[in-house]
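Below is one structure, written out as structure tokens; comments come after it.
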Amino acid sequence: MTHRRLYFNESDSTKRCSTEGDSDRDHPPLKTDSSANSSANCHGHDKRWINEDRHTMLRQTLAKTRRLGMRGPAYMFSARSASLSLTEERFLDAAEYGNIPGVRKMLEELPELNVNCVDYMGQNALQLAVANEHLEVTELLLKKDNLARIGDALLLAISKGYIRIVEAILSHRAFADTQRLVDSPGRAETQDDFFSYDEDGTRFSHDITPIILASHCHEYEVVHILLRKDARIERPHDYLCKCGTCSYHQKHDSFSHSRSRINAYKGLASPAYMSLSSKDPVMAALELSNELAVLANIEKEFKKDYKELSVQCEAFVVGLLDLCRNTEEVEAILNGDIDASENNEPHEKPSFIRLKLAIKYELKKVRVI
Numbered sequence: 010m011t012h013r014r015l016y017f018n019e020s021d022s023t024k025r026c027s028t029e030g031d032s033d034r035d036h037p038p039l040k041t042d043s044s045a046n047s048s049a050n051c052h053g054h055d056k057r058w059i060n061e062d063r064h065t066m067l068r069q070t071l072a073k074t075r076r077l078g079m080r081g082p083a084y085m086f087s088a089r090s091a092s093l094s095l096t097e098e099r100f101l102d103a104a105e106y107g108n109i110p111g112v113r114k115m116l117e118e119l120p121e122l123n124v125n126c127v128d129y130m131g132q133n134a135l136q137l138a139v140a141n142e143h144l145e146v147t148e149l150l151l152k153k154d155n156l157a158r159i160g161d162a163l164l165l166a167i168s169k170g171y172i173r174i175v176e177a178i179l180s181h182r183a184f185a186d187t188q189r190l191v192d193s194p195g196r197a198e199t200q201d202d203f204f205s206y207d208e209d210g211t212r213f214s215h216d217i218t219p220i221i222l223a224s225h226c227h228e229y230e231v232v233h234i235l236l237r238k239d240a241r242i243e244r245p246h247d248y249l250c251k252c253g254t255c256s257y258h259q260k261h262d263s264f265s266h267s268r269s270r271i272n273a274y275k276g277l278a279s280p281a282y283m284s285l286s287s288k289d290p291v292m293a294a295l296e297l298s299n300e301l302a303v304l305a306n307i308e309k310e311f312k313k314d315y316k317e318l319s320v321q322c323e324a325f326v327v328g329l330l331d332l333c334r335n336t337e338e339v340e341a342i343l344n345g346d347i348d349a350s351e352n353n354e355p356h357e358k359p360s361f362i363r364l365k366l367a368i369k370y371e372l373k374k375v376r377v378i
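Quick note: to get my numbering, add 9 to the position in the sequence shown (first position is 1).
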């Protein structure tokens, strides 16, 4: 039977194995007292050194774990090597903790200050101020020229529901061009710094627009503000569309293309968006529910999501019917034309156009109502 002993070399991380025993069984080596003592001393030294090395590695691992825990998970994935100056660190800290006098003083007295410097998590001062709901600091930063990542800051404010900060950012001169409100990071012009195009600088998918995100978050007030600025959710093309854009995305990254479609449909199926953007929310919800049910059988990657969105549209119609105070209001919704319903003769038979449409699309919840 072969016995193996493992030795560690302190100068590097290589491992050396030596075999002793069975190969010399017939002619075992002669051991003197001095050689035995030397061997014992050597083995003791190796054991002591291995224990010390093990304790050192353990201390380093624990220290690194504590640092990563304090810095957050994004630090582990950050490849940034550029270090911040002391002034930039103080500036980012002031923005993060809402130090209004400190931020104002540094902006006024340090004209060469890089307001777009980022911390170890890839966040600049504007993103830090928005994330911590510091309205005054955000307003101070928005006055600076060449401010970067305004689009990311807007998405962040929308996701957290900070209405006043959303209004402050939308008042920035960058949004004089309303195209900014309908462009996602993936479609915007990459030569500017309106969005961050790396994984550390943003937490949102590159196909998300402000109006889509507000709809996802069911932020009625933000959706209303964006709709007043003519922001709309662009309806995805047909699944079998062969236009140049769809063909390109299907060929180069079909999963991202499918993900952008489901994100758009999540926005379209949002109760906030349907109720505020459509003149006839009931009809829009019924038609969209049927479309989503069909897509659930076609787009296999997000089949479950499409089914849930279809049910969500049905629930939206049922919720509207539950809010009706009397039979006349129910009939007005199901007929689809409130003005015509009010002008009908008392004994005229209602048409229930919307109910017939629900039966056609096999929407069970609406039929039960």
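Cβ coordinates follow ideal geometry from the N, Cα and C atoms, glycine included. All figures in this text were calculated on a predicted structure; none of them were measured in a lab.
With which residues is N133 paired in a DSSP beta bridge?
As a working note, residue 133 is residue 124 in the sequence shown. DSSP output for N133 lists V127 as bridge partner(s).
Between the segment 313-332 and the segment 293-304, are three or more C-beta pairs nearer than 8 Å?
yes
Which residue wins for smallest C-alpha separation from A281, given the options K312, E310, D247 and H227?
By 1-based counting over the sequence shown, the position of residue 281 is 272. Per the Cα distances, H227.
Just to confirm the assignment, what range does the alpha helix (DSSP H) spanning Y257 have?
Here residue 257 refers to the residue found at position 248 when the sequence shown is read from its first residue. Its alpha helix (DSSP H) spans residues G253 to H261.
Going by beta-carbon coordinates alone, are Q136 and D102 separated by less than 8 Å?
Translated into the one-based positions of the sequence shown, residue 136 becomes position 127. Translated into the one-based positions of the sequence shown, residue 102 becomes position 93. Their beta carbons are not under 8 Å apart, which means Q136 does not touch D102 by this criterion.
Among the residues of its own chain, which have a CB less than 6 Å from the CB of H143, if the five just before and after it don't count?
Residue 143 sits at position 134 when you count from the first residue of the sequence shown. Sequence-distant partners of H143 (beyond 5 residues in either direction) whose C-beta falls short of 6 Å from its own C-beta, in its chain, are G107.
Kindly indicate the opening and closing residues of the alpha helix (DSSP H) around V191.
Position 182 of the sequence shown, counted from the start, is the residue given in the question as residue 191. First-last for V191: undefined, no H or E at that position.
Contact check, L179 vs L236, beta carbons under 8 Å:
Looking up residue 179 in the sequence shown gives position 170. Looking up residue 236 in the sequence shown gives position 227. Contact: no.
Given this structure, state the Cα-to-Cα distance separating L95 from E145, to the nearest angstrom.
Looking up residue 95 in the sequence shown gives position 86. Looking up residue 145 in the sequence shown gives position 136. Roughly 23 Å between the two C-alpha positions.
Do S267 and E308 have their beta-carbon atoms positioned less than 8 Å apart in this structure?
As a working note, residue 308 is residue 299 in the sequence shown. As a working note, residue 267 is residue 258 in the sequence shown. It is a contact, given that the beta carbons lie within the stated cut-off.
In the DSSP assignment, find the alpha helix (DSSP H) that holds H233 and state where it starts and stops.
Along the sequence shown, read from residue 1 onward, the residue named residue 233 stands at position 224. Taken as a continuous stretch (DSSP letters only), the alpha helix (DSSP H) holding H233 covers Y229 to R237.
Beta-carbon proximity check, I217 vs I242, cutoff 8 Å:
Sequence index remark: in the sequence shown, residue 217 carries index 208 (1-based). Sequence index remark: in the sequence shown, residue 242 carries index 233 (1-based). No, the Cβ-Cβ distance between I217 and I242 is not below 8 Å.
Contact check, L151 vs C126, beta carbons under 8 Å:
The sequence position of residue 151 within the sequence shown is 142, counting from 1. The sequence position of residue 126 within the sequence shown is 117, counting from 1. No, Cβ-Cβ distance for L151 and C126 is not below 8 Å.
Starting from T336, trace the alpha helix (DSSP H) in both directions and tell me its first and last residue.
Counting from one through the sequence shown, the residue named residue 336 turns up at place 327. Start and end: T336 to N344.
Own chain partners of C252 with C-beta closer than 8 Å, once the 5 adjacent residues on each side are dropped:
For the purposes of this step, residue 252 is identified with residue 243 of the sequence shown, where counting begins at 1. The answer, listed in chain order, is H246.
Euclidean distance between Cα positions of N344 and S256
The residue labelled residue 344 in the question sits at position 335 within the sequence shown. The residue labelled residue 256 in the question sits at position 247 within the sequence shown. The straight-line gap from Cα to Cα measures roughly 41 Å.
Which whole-angstrom value is the C-beta distance of K275 and H225, which I expect to be below 8 Å?
Translated into the one-based positions of the sequence shown, residue 275 becomes position 266. Translated into the one-based positions of the sequence shown, residue 225 becomes position 216. That pair is a contact at about 6 Å.
Helix, strand or coil, according to DSSP, for T147 in the structure here?
On the sequence shown, position 138 is the one that residue 147 refers to. Looking at T147 - three-state DSSP - the assignment turns out to be helix.
Residue of P110, E338 and A134 minimising C-alpha distance to E97:
The count along the sequence shown starts at 1 and reaches residue 97 at position 88. Ranking P110, E338 and A134 by Cα distance to E97 puts A134 first.
Are the CB atoms of L2 and A157 nearer to each other than 8 Å?
Lying before the first or after the last residue shown, residue 2 is absent from the chain, which here runs from 10 to 378.
Would you mind reading off the limits of the alpha helix (DSSP H) that contains G170?
The sequence position of residue 170 within the sequence shown is 161, counting from 1. Taken as a continuous stretch (DSSP letters only), G170 belongs to no alpha helix (DSSP H), as it is neither H nor E.
Less than 8 Å between C-beta atoms, sequence neighbours within five positions excluded: which residues of the same chain meet that for K316?
Looking up residue 316 in the sequence shown gives position 307. Non-local C-beta neighbours of K316 in its own chain, meaning closer than 8 Å and more than five positions away in sequence, comprise L301, A302 and A305, ordered along the chain.
Classify I159 as helix, strand or coil using the three-state DSSP reduction.
Counting from 1 along the sequence shown, the entry for residue 159 is found at position 150. In this structure, I159 counts as helix in the three-state DSSP scheme.
If you measure between the beta carbons of I174 and E230, is that distance less than 8 Å?
Taking the first residue of the sequence shown as position 1, residue 174 is located at position 165. Taking the first residue of the sequence shown as position 1, residue 230 is located at position 221. No, the pair does not count as a contact, with Cβ atoms beyond the cut-off.
With H, G and I counted as helix, E and B as strand and the rest as coil, what does DSSP make of S279?
Indexing the sequence shown from 1 puts residue 279 at position 270. Three-state result, S279: coil.
Is DSSP giving Y274 helix, strand or coil here?
On the sequence shown, position 265 is the one that residue 274 refers to. Helix, per DSSP.
What would DSSP say about G111, mapped onto helix, strand or coil?
Reading the sequence shown from its first residue, position 102 is the one you call residue 111. Reduced to three states, the DSSP call for G111 is helix.
Grab me the residues of F203's own chain with a C-beta within less than 8 Å of its C-beta, minus the 5 sequence neighbours each way, in chain order.
In the sequence shown, counting from the first residue as 1, residue 203 sits at position 194. Answer for F203: A157, R158, I159, G160, A183, R189 and A197, listed in chain order.
Measure from the alpha carbon of S168 to the alpha carbon of each residue in G131, R212, T147 and M130, then state which is nearest.
On the sequence shown, residue 168 is found 159 positions in, with the first residue counted as 1. Taking only the C-alpha atoms, the option nearest S168 is R212.
7 Å Cβ shell around L392 - same chain, five flanking residues per side excluded:
Since the first residue shown for the chain is 10 and the last is 378, residue 392 is missing from the structure and cannot be characterised.
Going by C-alpha to C-alpha distance, which of K153, T336 and D331 sits closest to N123?
As a first step, residue 123 must be located in the sequence shown, where it is residue number 114. Considering only alpha carbons, the answer is K153.
Take V339 and list the residues in its own chain whose beta-carbon comes closer than 8 Å to its own, dropping the five residues that flank it on each side.
Taking the sequence shown and counting its residues from 1, the one referred to as residue 339 is at position 330. L330 and C333, listed in sequence order.
Among P110, H258 and E105, the one whose alpha carbon lies nearest that of D128:
In the sequence shown, the residue the question calls residue 128 occupies position 119. That would be E105, whose Cα lies nearest to the Cα of D128.
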